[in-house]
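Participant: Our numbering numbers the first residue of the first sequence as 90 and each following residue consecutively.
Structure below; questions to follow.
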Amino acid sequence: MNNRELSSTFKLIADLLEIKGENIYKILAYRRASESLSNLPQEAADLWKAGELDNIPGVGKAIAEKIDELLRSGHLGFLEKLTTEVPASLADLLRVPEVGPKKAALFWKNLGIIDLAGLEAAARTGKLNGLPGVGEKSEARILAGIEALGRRSGRTPLGQALPFAREIVAWLRAQPGISAAEMAGSLRRMKATIGDLDFSAATLTPDEVMEAFVSYPRVIRVIGRGSTKASVEFDNGLRAQLWLHPPAEYGTALLYATGSKEHSVRLREIAQKKDLSLSDHSLKHPDGTESFYADETSIYAALGLKWIPPEIREDRGEIEASRKDKLPNLIERKDLLAEFHIHSTWSDGQASIRKMAEAAMQRGLKVLAITDHSASLGVAGGLSIDELARQREEIDTVQKELGDGIRLLQGAEVEIKADGSLDYPDDALERLDIVIASLHTSLRQPREQVTRRVLSAIQNPHVDILGHPTGRLIPDREGADLDMDEVFKGAKASGVALEINAHPSRMDLEDIYARQAAGMGIPITVNTDAHHPDQLDLIEYGLGMARRAWLEPQQVINAWPVQKILSWLEKRENGN
DNA sequence: GCCGTTTTCGGCCCGACTGTTTTCAGTCG
Numbered sequence: 090m091n092n093r094e095l096s097s098t099f100k101l102i103a104d105l106l107e108i109k110g111e112n113i114y115k116i117l118a119y120r121r122a123s124e125s126l127s128n129l130p131q132e133a134a135d136l137w138k139a140g141e142l143d144n145i146p147g148v149g150k151a152i153a154e155k156i157d158e159l160l161r162s163g164h165l166g167f168l169e170k171l172t173t174e175v176p177a178s179l180a181d182l183l184r185v186p187e188v189g190p191k192k193a194a195l196f197w198k199n200l201g202i203i204d205l206a207g208l209e210a211a212a213r214t215g216k217l218n219g220l221p222g223v224g225e226k227s228e229a230r231i232l233a234g235i236e237a238l239g240r241r242s243g244r245t246p247l248g249q250a251l252p253f254a255r256e257i258v259a260w261l262r263a264q265p266g267i268s269a270a271e272m273a274g275s276l277r278r279m280k281a282t283i284g285d286l287d288f289s290a291a292t293l294t295p296d297e298v299m300e301a302f303v304s305y306p307r308v309i310r311v312i313g314r315g316s317t318k319a320s321v322e323f324d325n326g327l328r329a330q331l332w333l334h335p336p337a338e339y340g341t342a343l344l345y346a347t348g349s350k351e352h353s354v355r356l357r358e359i360a361q362k363k364d365l366s367l368s369d370h371s372l373k374h375p376d377g378t379e380s381f382y383a384d385e386t387s388i389y390a391a392l393g394l395k396w397i398p399p400e401i402r403e404d405r406g407e408i409e410a411s412r413k414d415k416l417p418n419l420i421e422r423k424d425l426l427a428e429f430h431i432h433s434t435w436s437d438g439q440a441s442i443r444k445m446a447e448a449a450m451q452r453g454l455k456v457l458a459i460t461d462h463s464a465s466l467g468v469a470g471g472l473s474i475d476e477l478a479r480q481r482e483e484i485d486t487v488q489k490e491l492g493d494g495i496r497l498l499q500g501a502e503v504e505i506k507a508d509g510s511l512d513y514p515d516d517a518l519e520r521l522d523i524v525i526a527s528l529h530t531s532l533r534q535p536r537e538q539v540t541r542r543v544l545s546a547i548q549n550p551h552v553d554i555l556g557h558p559t560g561r562l563i564p565d566r567e568g569a570d571l572d573m574d575e576v577f578k579g580a581k582a583s584g585v586a587l588e589i590n591a592h593p594s595r596m597d598l599e600d601i602y603a604r605q606a607a608g609m610g611i612p613i614t615v616n617t618d619a620h621h622p623d624q625l626d627l628i629e630y631g632l633g634m635a636r637r638a639w640l641e642p643q644q645v646i647n648a649w650p651v652q653k654i655l656s657w658l659e660k661r662e663n664g665n
């Protein structure tokens, strides 16, 4: 059982206990453990073997025993007993907006509803209307919510959400009466996927601003609207929340709207220990007076902390680091001087090598590796050995034409085949300046098999980078079930760099893994996988992931000086 | 159920919005 399965098991327990009406703090304890497990960079099973389960935050004696039972036997008596009391399918009702644990219990006990289909049928036939606390409007909203669930497949990739959110922020900033506006929530934290879009703005005329917001041309539905907070749905299916505060409160407001929830909870705890109460409006003193903060830096300072970059506000140690003034020097766009993963018209790219190189130069890059697909990836027009040789000539020509402004490398994105062998023979790999090995096919192999496959690839002395390690595609395809600890050990031993692929549909490695790997001293590389010159700008998504992983410039080979990059490749070439 | 530079017991983050209430419960973030 992996972390994801453990995490969802404890989330299910929390949901069912909540519907059952259990003590809220017990429920919170299960939720906390569930969150913790999903954020864990190493496998809980390994901690379990080492007898270190209680090192997991939020896991105490009772939950550790349950993890133990799950890992030993694959099932959990406690949950089996619980589901005889509360049907497991009831947890699905909580996914419907407007339906929480109390309503779910109400529908179950009064109408015998135990799943989404039952709820939908009851809502359609007007059976919900008339139950205590449920009227006509609630029933209509629940029905709309169920229909929306069917339409929307969960979370939106950051790559879709961010450009649209920029449009909204630009519009907000142009409104009269708004002195500041930012995106907030998981958007601002650069998470790979986004639920709703969050915005925070500062204004002294909230009524006018709110009126303008809900009248924005692309708003098709107003879900809720007050004087300081509104929730809308746009014509593209995305939903957004806008919070309004006076400029004097903008610091606490933006802090609160940005989250994460776990980070906010920790900050409130710190306030509480100082006998203060932190809200999105102010810091309240015991005598009832309030202090206001117009920017985030000052509210962090009031709590004895340095300002924390949004990308790492996840309660993963950033608060401790901030208190001790040990926050990482996070990598920035200007640090990135090299791009090691792009495609040209030689395979499935849309632009020539020359065009790609010019676009790279315009963006200030000093090194560009041309890494077209290898032969077996037929769908992507992979290159044969002969074509590789001819491509080398073209790269040399373009290099001469463009001069010293940029250093072009000939590379390849070589397929790791199902048996773990690479798609080019060693002598062909040896002639390349840089080699990325990637999984594209047979991702569903069992954990041990797919892990062995990756290990055998990175043990090849010619391989320099493991590309988008898990092969996941957001939002449709889960990545391979790799044993990351083994992959990291292998990468460490062979000196192979692990990629954070910046393409919004990949964002792979994830932050927690990239952080873990970098912590072991494994070089990380952030690349766009661009198939078109414009796509070189996708680097911002990879950068976001790198920052979420706490990465500093020296840990990322794209930020190394050109000479260091070249000598790193040189050294690897010589089997070192 | 978890957790401890106030604590091994008694706490556990805060506020807005909505609908169905005539003073508040439920949901959400």
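Just so you know, even glycine gets a beta-carbon here, dropped at the ideal spot from N, CA and C.
Which one of Lys395, Arg402, Phe429 has the shortest CA to CA distance from Asp414?
Facilitator: Within the first sequence, the letter at position 325 stands for residue 414. It is Lys395 whose Cα lies nearest to the Cα of Asp414.
Participant: Taking the C-alpha atoms as reference points, what is the distance between Ile203 and Ser178?
Facilitator: Numbered from 1 along the first sequence, position 114 holds the residue referred to as residue 203. Numbered from 1 along the first sequence, position 89 holds the residue referred to as residue 178. Their Cα atoms are separated by approximately 6 Å.
Participant: Just tell me which of Ser227, Ala237, Pro336 has its CA closest to the CA of Tyr382.
Facilitator: Position 293 of the first sequence, counted from the first residue, corresponds to residue 382. If we check each option's Cα against that of Tyr382, Pro336 comes out closest.
Participant: Applying the 10 Å Cβ sphere with the 16-neighbour rule, what's the burial state of Glu322?
Facilitator: Numbered from its first residue, the first sequence carries residue 322 at position 233. The residue is buried, with at least 16 neighbouring Cβ atoms inside 10 Å.
Participant: Run through DSSP, which three-state label would Ala442 get?
Facilitator: Walking along the first sequence from the start, residue 442 turns up at place 353. In the sequence as displayed, the identity of residue 442 is Ile instead of Ala. Helix.
Participant: Return yes when at least one heavy atom of the ligand SAH lies under 7 Å from the C-beta of Leu343, else no.
Facilitator: For the structure depicted, the ligand SAH is absent and the ligand set is empty, with no information on it obtainable.
Participant: With distances taken between CB atoms, is the gap from Ser371 to Glu338 smaller than 8 Å?
Facilitator: Mapped onto the first sequence, residue 371 falls at position 282. Mapped onto the first sequence, residue 338 falls at position 249. Yes, the Cβ-Cβ distance between Ser371 and Glu338 is below 8 Å.
Participant: Excluding the 5 residues preceding and the 5 following Val585 in the sequence, name in chain order all residues of the same chain whose CB lies nearer than 7 Å to its CB.
Facilitator: Walking along the first sequence from the start, residue 585 turns up at place 496. Cβ within range, chain order: Ile547, Val552, Asp553, Ile554, Leu555.
Participant: Asn199 by DSSP, collapsed to three states: which one?
Facilitator: Here residue 199 is taken as the residue at index 110 of the first sequence, counted from 1. Asn199 falls in the helix class under three-state DSSP.
Participant: Opposite Asp461 in the DSSP bridges: which residues?
Facilitator: As a first step, residue 461 is located in the first sequence; it is residue number 372 there, counting from the start. Ala501, per the DSSP bridge assignment.
Participant: Tell me whether His374 is buried or exposed, calling it buried when 16 or more other Cβ atoms sit within 10 Å of its Cβ.
Facilitator: The residue given as residue 374 occupies position 285 in the first sequence. Burial call: exposed.
Participant: Hey, how far is the Cα of Ala193 from the Cα of Pro186?
Facilitator: For the purposes of this step, residue 193 is identified with residue 104 of the first sequence, where counting begins at 1. For the purposes of this step, residue 186 is identified with residue 97 of the first sequence, where counting begins at 1. Spanning the two alpha carbons is a distance of roughly 11 Å.
Participant: Within its chain, find whatever has a CB closer than 6 Å to the CB of Gly631; leave out the 5 residues flanking it on each side and keep chain order.
Facilitator: By 1-based counting over the first sequence, the position of residue 631 is 542. Taken in chain order, the residues that qualify are Ile589, Ala591, Val615.
Participant: How would you write the range of the beta strand (DSSP E) that Lys318 sits in, first residue to last?
Facilitator: For the purposes of this step, residue 318 is identified with residue 229 of the first sequence, where counting begins at 1. 318-323 is the span of the beta strand (DSSP E), which, as asked, contains Lys318.
Participant: Pairs of beta-carbons, one from the stretch 292-312 and one from the stretch 263-270, closer than 8 Å: are there three or more?
Facilitator: They touch, by the three-pair rule.
Participant: When the Cα atoms are used, what is the spatial distance from Leu425 to Gly348?
Facilitator: The sequence position of residue 425 within the first sequence is 336, counting from 1. The sequence position of residue 348 within the first sequence is 259, counting from 1. Going by the C-alpha atoms only, they are around 28 Å apart.
Participant: Taking the C-alpha atoms as reference points, what is the distance between Glu225 and Asn144?
Facilitator: Counting from 1 along the first sequence, the entry for residue 225 is found at position 136. Counting from 1 along the first sequence, the entry for residue 144 is found at position 55. Taking the straight line joining both Cα atoms gives about 49 Å.
Participant: Under 8 Å, with one C-beta from each stretch per pair, do the stretch 275-295 and the stretch 250-265 reach the 3-pair mark?
Facilitator: Taking 8 Å as the limit for Cβ pairs, the verdict is that the stretch 250-265 does touch the stretch 275-295.
Participant: From Ala410 to Asn218, what distance separates their C-alpha atoms?
Facilitator: Reading the first sequence from its first residue, position 321 is the one you call residue 410. Reading the first sequence from its first residue, position 129 is the one you call residue 218. In a straight line, the C-alpha of Ala410 is about 52 Å away from that of Asn218.
Participant: Below 8 Å CB to CB, which residues in the same chain sit around Leu571 once its five sequence neighbours on both sides are set aside?
Facilitator: Your numbering for residue 571 matches position 482 in the first sequence. Only Arg536, Val539, Thr540, Val543, Pro558, Thr559 meet the Cβ criterion.
Participant: What are the boundary residues of the beta strand (DSSP E) that includes Val615?
Facilitator: Mapped onto the first sequence, residue 615 falls at position 526. Where Val615 is concerned, the enclosing beta strand (DSSP E) stretches over 613-616.
Participant: Measure the C-alpha to C-alpha separation of Val456 and His432 and round it to an integer number of angstroms.
Facilitator: Within the first sequence, residue 456 is the residue found at index 367, counting from 1. Within the first sequence, residue 432 is the residue found at index 343, counting from 1. Roughly 15 Å between the two C-alpha positions.
Participant: Output yes or no for whether 8 Å exceeds the beta carbon distance between Glu407 and Leu343.
Facilitator: Start at 1 with the first residue of the first sequence, and residue 407 comes out as number 318. Start at 1 with the first residue of the first sequence, and residue 343 comes out as number 254. No.
Participant: Quick one, which of Leu136, Gly147, Gly239, Leu142 has its alpha-carbon nearest Asp181's?
Facilitator: Numbered from its first residue, the first sequence carries residue 181 at position 92. For Asp181, the nearest C-alpha among the options comes from Gly239.
Participant: Using 8 Å as the threshold, is the C-beta distance between Ile744 and Val645 below it?
Facilitator: The chain is shown only over 90 to 665; residue 744 falls outside these bounds and no answer can be derived.
Participant: Between the Cα of Thr245 and those of Leu286, His352, Gly453, spot the shortest distance and give me the residue it belongs to.
Facilitator: Here residue 245 refers to the residue found at position 156 of the first sequence. The residue with the shortest Cα to Cα distance from Thr245 is Leu286.
Participant: Give every residue of the same chain whose Cβ lies closer than 6 Å to the Cβ of Ala103, excluding the five residues on either side of it in the sequence, and list them in chain order.
Facilitator: By 1-based counting over the first sequence, the position of residue 103 is 14. The residues are Ile116, Tyr119, Arg120.
Participant: Measuring alpha carbon to alpha carbon, tell me which residue in Pro399, Ile484, His462, Ser441 is nearest Met634.
Facilitator: Your numbering for residue 634 matches position 545 in the first sequence. Minimum Cα distance to Met634 is reached at Pro399.
Participant: So what's Thr386 in DSSP terms, helix, strand or just coil?
Facilitator: For the purposes of this step, residue 386 is taken as the residue at position 297 of the first sequence. Of the three classes helix, strand and coil, the one that applies to Thr386 here is helix, per DSSP.
Participant: Can you check whether the CB of Thr98 is closer than 8 Å to the CB of Leu159?
Facilitator: If you number the first sequence from 1, residue 159 lands on position 70. If you number the first sequence from 1, residue 98 lands on position 9. For Leu159 and Thr98, yes; Cβs fall inside 8 Å.
Participant: Look up Arg566 in the DSSP assignment and say whether it is helix, strand or coil.
Facilitator: Along the first sequence, read from residue 1 onward, the residue named residue 566 stands at position 477. Three-state DSSP puts Arg566 in a strand.
Participant: Measuring straight from C-alpha to C-alpha, what distance separates Val524 and Leu658?
Facilitator: Looking up residue 524 in the first sequence gives position 435. Looking up residue 658 in the first sequence gives position 569. Going by the C-alpha atoms only, they are around 10 Å apart.
Participant: Please check the pair Val487 and Leu497, which I expect to be a contact at CB under 8 Å, by giving their CB distance rounded to whole angstroms.
Facilitator: In the first sequence, residue 487 corresponds to position 398, counting from 1. In the first sequence, residue 497 corresponds to position 408, counting from 1. With a Cβ gap of about 6 Å, Val487 and Leu497 count as contacting.
Participant: What beta strand (DSSP E) runs, 3 residues minimum, are completely inside the stretch 410-437?
Facilitator: With a minimum length of 3 residues, the continuous beta strand (DSSP E) runs that stay inside the stretch 410-437 are 427-431.
Participant: Going by C-alpha distance, which of Lys109, His352, Ser463 is nearest Glu124?
Facilitator: Residue 124 sits at position 35 when you count from the first residue of the first sequence. Cα-wise, what sits closest to Glu124 is His352.
Participant: According to DSSP, is Phe288 part of a helix, a strand, or is it coil?
Facilitator: Taking the first residue of the first sequence as 1, we reach residue 288 at position 199. Here Phe288 sits in strand by DSSP.
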